[in-house]
Amino acid sequence: MSFTMYFLLPNRSYAGDGTRSTLGQSVENHFAFAVYMYGEYPPFNEYNVGNIEWIRDMEGDVFNLGGDPPDVEDLELTPITIEELGERMRDADFIIPYGLPKASSPPPDTCG
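Put into structure tokens, the structure is as follows:
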């Protein structure tokens, strides 16, 4: 059984790893999509560009939500609005908020 999943990548630190995770799920025969949010992109070296192309070959996609797309030769991220993303995610089996920023306050004692 194939699932549809969205990896929401809100910061640059984890975007490359999140793209690789998206590719891993695509290879496992799932419909996986990476969403770069707020104009936060990983460094687009040959390895990352290859991962994005492979995701697309496996019937997934990499979206650009907000910000200007990076100036990388032979790479165009698919632009998407927040409304379009919301509509697409309604049909998703899994939504993965990948690489959330570090919390600014410590967890409560009950989380120990």
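Residue numbers (my numbering): -10 to 101.
Here a beta-carbon is modelled for each residue, glycine too, at the ideal position from N, C-alpha and C.
Counted as a single uninterrupted DSSP element, the beta strand (DSSP E) harbouring Tyr(-5) occupies residues -7 to -2. Judged by DSSP secondary structure, Tyr25 falls within the beta strand (DSSP E) whose first and last residues are 20 to 26.
Membership of Asn53 in any alpha helix (DSSP H) is not indicated; the residue belongs instead to the beta strand (DSSP E) covering 50 to 54. A residue is called buried when at least 16 other Cβ atoms come within 10 angstroms of its Cβ; Phe(-8) does not meet this threshold and is exposed.
In the DSSP secondary-structure assignment, Phe83 is bridged to Met(-6). At the C-beta level, Leu(-2) and Gly7 come within 7 Å of one another.
The beta carbons of Glu48 and Phe20 sit about 6 Å from each other, so the pair counts as a contact at 8 Å.
Our two residues, Asn34 and Ile41, have alpha carbons roughly 11 Å apart in a direct line.
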